[in-house]
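**Student:** To start, I am sharing the structure in question, which I have written as structure tokens.
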Amino acid sequence: MALLDVSQVSKRFPGVLALDQVRLQVGPKGGQGEVHALLGENGAGKSTLIKILSAAHAADEGTVTFDGQPLDPRDTPLRRQQLGIATIYQEFNLFPELSVAENMYLGREPKRLGLIDWRRLRADARALLEALGLPLDPDEPVRRLTVAEQQMVEIAKAMTLNARLIIMDEPTAALSSREVDGLHAIIAGLKARGVSVIYVSHRLAEVKAMCDRYTVMRDGRWVASGDVAEVEVADMVRLMVGRHVEFVRRVRSGPPGRVVLKVESVTPRRPRLSTPGYLKDIRLEVRAGEIVGLAGLVGAGRTDLARLIFGADAIASGSIHLDDKPLKLRSPRDAIRAGVMLVPEDRKQQGCFLDHSIRHNLSLPSLGPLSRFGQWVDERAERDLVETYRQKLRIKMADQETPIGKLSGGNQQKVLLGRSMALAPRVLIVDEPTRGIDIGAKAEVHQVLSDLAAQGVAIVVISSELAEVMAVSDRIIVFREGAIVADLEADAATEEGLMAYMATGAGRPSPSGMELRPQ
852 MALLDVSQVS KRFPGVLALD QVRLQVGPKG GQGEVHALLG ENGAGKSTLI
902 KILSAAHAAD EGTVTFDGQP LDPRDTPLRR QQLGIATIYQ EFNLFPELSV
952 AENMYLGREP KRLGLIDWRR LRADARALLE ALGLPLDPDE PVRRLTVAEQ
1002 QMVEIAKAMT LNARLIIMDE PTAALSSREV DGLHAIIAGL KARGVSVIYV
1052 SHRLAEVKAM CDRYTVMRDG RWVASGDVAE VEVADMVRLM VGRHVEFVRR
1102 VRSGPPGRVV LKVESVTPRR PRLSTPGYLK DIRLEVRAGE IVGLAGLVGA
1152 GRTDLARLIF GADAIASGSI HLDDKPLKLR SPRDAIRAGV MLVPEDRKQQ
1202 GCFLDHSIRH NLSLPSLGPL SRFGQWVDER AERDLVETYR QKLRIKMADQ
1252 ETPIGKLSGG NQQKVLLGRS MALAPRVLIV DEPTRGIDIG AKAEVHQVLS
1302 DLAAQGVAIV VISSELAEVM AVSDRIIVFR EGAIVADLEA DAATEEGLMA
1352 YMATGAGRPS PSGMELRPQ
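Here it is, written out as structure tokens:
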């Protein structure tokens, strides 16, 4: 008997049929839990289904049973947790100023004489963390933890409720390769304890490595289910998007032009806490029509360099040149005026005004050129601008006044790219261009970057996915602990070679026998 059985579930919102007769069955298998991949493009209905399982929404039709008992659609999220269903979203539900132990047992602290028994709280937390193999200090404030460690706290919190089913929404979107391996080891431990996991991800290589079974959704409907071992990645992609999508390495349209961006020996004035050490004597050149990929572990310094080039952080020493002229950067405004644009790594926190319209989000930096007499925005010109990039980038939206927060991640990313493209930048920096977006949208974003390079834009791409860095780049720069340790042609790169540089600073021979050259 399946632990979770979703049968013919439908959900309607005003004007939208979000789920249409969806079905899903999850574990257990052979006395162990099951890791079940839930796949589909953004907008396929995965998030709506997750919210129904966690009681954030109620289904309009169909039934959901858990451990043989029908779930009451009037349940609260707390009731579902008490039944053993826990959900870990991309945005964690943690209190940063509280300790690991306090977050694990918040609202359920052990009491003694009517007061919190702090000694028992710490002891219980330590015992559970050790049992789960989670290397965390119960007394450490959550704000000091890495993203991967905060995810461990969420898992531990779920297990304090004796969770039997944990739903993980894009659990590796912000993790390095090493942290992904650590998470997979934790999930394997949960599985051995009889806990089942619904694993929502667009990273299909991880799905192949980690999951037992899969279910694919498309346009709010069930498409297919089966054993992961019996399906290839290409088949999963085809099921998800309804068409064949092929990822190939970028082919230059011609030789790169002259140097547009030149970074010479820069170090930041105030090193960020996220970087082990700080940027050390960074030197970098990017030519017109060239895409340079920055590879490295999380915290290696790639984003710190992007912030320096964009004027978000101050430079202590060194210089940045644009078209052979020194670039004086007091703020991002100076960078934008000079023709340098940044699409940040966290689009929701750093890029989008979620409650504002798509129109306002896309046109914001262009309001000067769109204004009459420097005071009144020409609304017709603004709407024409947005419509131009809606068509160019194939942004799916009801209308321009829709809040950008209601768009899928892929369409939000396209709006941010359109915002940058509208200013005809000389340099475009894109940090994690396809994090958390679906397969079809990822291919479209890659094509946009290639088209911009063909127009002569100098592009810097930062990605934690080595396959993506290799696919979109002409040249790859590898960072390790604030320093550049390798500069190589993308054609000569392998994932193994890049990972060797990232982990140790020393490379491995490429398939051609050539040693990847260090910086």
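Numbering (this note's numbering), first residue to last: 852 to 1370. For every residue, glycine included, the Cβ atom is placed at its ideal position computed from N, Cα and C. No experiment lies behind these values; they were computed from the predicted model shown.
#1: Can you list, in chain order, the residues of its chain with a C-beta nearer than 6 Å to that of Gly896? Leave out the 5 residues immediately preceding and following it.
#2: Between the Cα of Asp1175 and those of Gly1269, Ala1163, Glu1115, spot the shortest distance and give me the residue it belongs to.
#3: Can you tell me whether Val1084 is buried or exposed, with buried defined as 16 or more other CB within 10 angstroms of its CB?
#4: Any idea which residues DSSP pairs Val1143 with across the strands?
#5: Looking at the structure shown, is Gln1306 part of a helix, part of a strand, or coil, going by DSSP?
#6: Could you pull out every residue in the same chain whose Cβ sits closer than 7 Å to the Cβ of Leu1244, ignoring the five residues on either side in sequence?
#7: Judging by CA-CA distance, which residue of Asp1229, Arg1184, Glu1233 is the nearest neighbour of Ser1208?
#8: Pairs of beta-carbons, one from the stretch 1295-1311 and one from the stretch 1338-1356, closer than 8 Å: are there three or more?
#9: Near Ala1165, which residues of its chain fall below 6 Å by C-beta distance, leaving aside the five closest residues on each side in sequence?
#10: Hey, out of Glu1136, Arg973, Leu1148, whose CA is closest to Ser1376's CA?
#11: Where Asp1229 and Glu1319 are concerned, what is the direct C-alpha to C-alpha distance, given to the nearest angstrom?
#12: Nearest to Gly1333 by alpha carbon, out of Pro1183, Gly1152, Gly1219, Asp926?
#13: In terms of DSSP beta bridges, what is Phe1161 paired with?
#14: Got a sec? Which residues, its chain only, sit under 7 Å from Ala1357 by beta carbon, not counting five neighbours each side?
#15: Would DSSP call Asp1229 helix, strand or coil?
#16: Rounding to the nearest angstrom, what Cα-Cα distance links Val860 and Ile1006 in this structure?
#17: Which residue's Cα is closest to the Cα of Gln872: His1053, Ser1052, Trp1073?
#18: Which first and last residues belong to the beta strand (DSSP E) in which Leu1339 is found?
#19: How about Gln941 and Glu1021: are their beta carbons less than 8 Å apart?
#20: What does the alpha-carbon distance come out to for the pair Lys962 and Asp968?
#21: Starting from Gly1401, follow the beta strand (DSSP E) in both directions and report where the run begins and ends.
#22: Buried or exposed, going by whether 16 or more other CB atoms sit within 10 Å of the CB of Asn1013?
#23: Taking all protein chains shown into account, decide if Leu1193 is buried (16 or more other Cβ within 10 angstroms of its Cβ) or exposed.
#24: What do you reckon, are the CB atoms on Val915 and Asp1063 nearer than 8 Å?
#25: For Arg1044, which residues from the same chain have a beta carbon less than 8 Å from its beta carbon, with the 5 sequence-adjacent residues on both sides left out?
#26: What separation, rounded to the nearest whole angstrom, lies between the Cα atoms of Ser1301 and Pro1107?
#27: Identify every run of the alpha helix (DSSP H) within the stretch 870-958, keeping only runs that are complete inside it and at least 4 residues long; order them along the chain.
#28: Since Pro1183 contacts Ala1163 with CB under 8 Å, what's their CB separation in whole angstroms?
**Tutor:** With the given structure in hand:
#1: The residues are Ala869, Leu870, Met1068, Gly1071.
#2: The option with the nearest alpha carbon to Asp1175 is Glu1115.
#3: Exposed, because fewer than 16 other Cβ atoms sit within 10 Å of the Cβ of Val1084.
#4: Paired residues: Val1311, Arg1326.
#5: Judged by DSSP in its simplified three-state form, Gln1306 adopts coil rather than helix or strand.
#6: These residues qualify, in order along the chain: Lys1265, Leu1268, Gly1269, Val1299.
#7: From the listed residues Asp1229, Arg1184, Glu1233, the smallest Cα separation to Ser1208 is found for Glu1233.
#8: No, because fewer than three Cβ pairs between the stretch 1295-1311 and the stretch 1338-1356 fall closer than 8 Å, the two stretches do not touch.
#9: Cβ neighbours of Ala1165 beyond the five flanking positions: Arg1120.
#10: Coverage of the chain is limited to positions 852 through 1370, which leaves residue 1376 absent and any answer about it impossible.
#11: Each residue's alpha carbon lies about 39 Å from the other.
#12: Closest by alpha carbon: Gly1152.
#13: In DSSP, Phe1161 forms no bridge with anything.
#14: Closer than 7 Å at the Cβ level, and outside the excluded window around Ala1357, lie Ala1351.
#15: In the structure shown, Asp1229 sits in coil (DSSP, three-state: anything other than H, G, I, E or B).
#16: Distance from the CA of Val860 to the CA of Ile1006, rounded to the nearest whole angstrom, comes to 27 Å.
#17: Among His1053, Ser1052, Trp1073, the Cα nearest to that of Gln872 belongs to Trp1073.
#18: Segment 1334-1340, the beta strand (DSSP E) holding Leu1339.
#19: Yes.
#20: Their backbone Cα atoms lie some 5 Å apart in a straight line.
#21: There is simply no residue 1401 to check, as the chain begins at 852 and stops at 1370 in what is shown.
#22: In the assembly as shown, Asn1013 is an exposed residue. Its beta-carbon has fewer than 16 other beta-carbons within 10 Å.
#23: Classification for Leu1193: buried.
#24: Cβ atoms of Val915 and Asp1063: not closer than 8 Å.
#25: Gly884.
#26: Taking the straight line from one Cα to the other gives about 13 Å.
#27: Taken in chain order, the whole alpha helix (DSSP H) runs of length 4 or more contained in the stretch 870-958 are 897-904, 928-934, 951-955.
#28: The beta-carbon distance between Pro1183 and Ala1163, rounded to whole angstroms, is 6 Å. This is short enough to meet the 8 Å contact definition.
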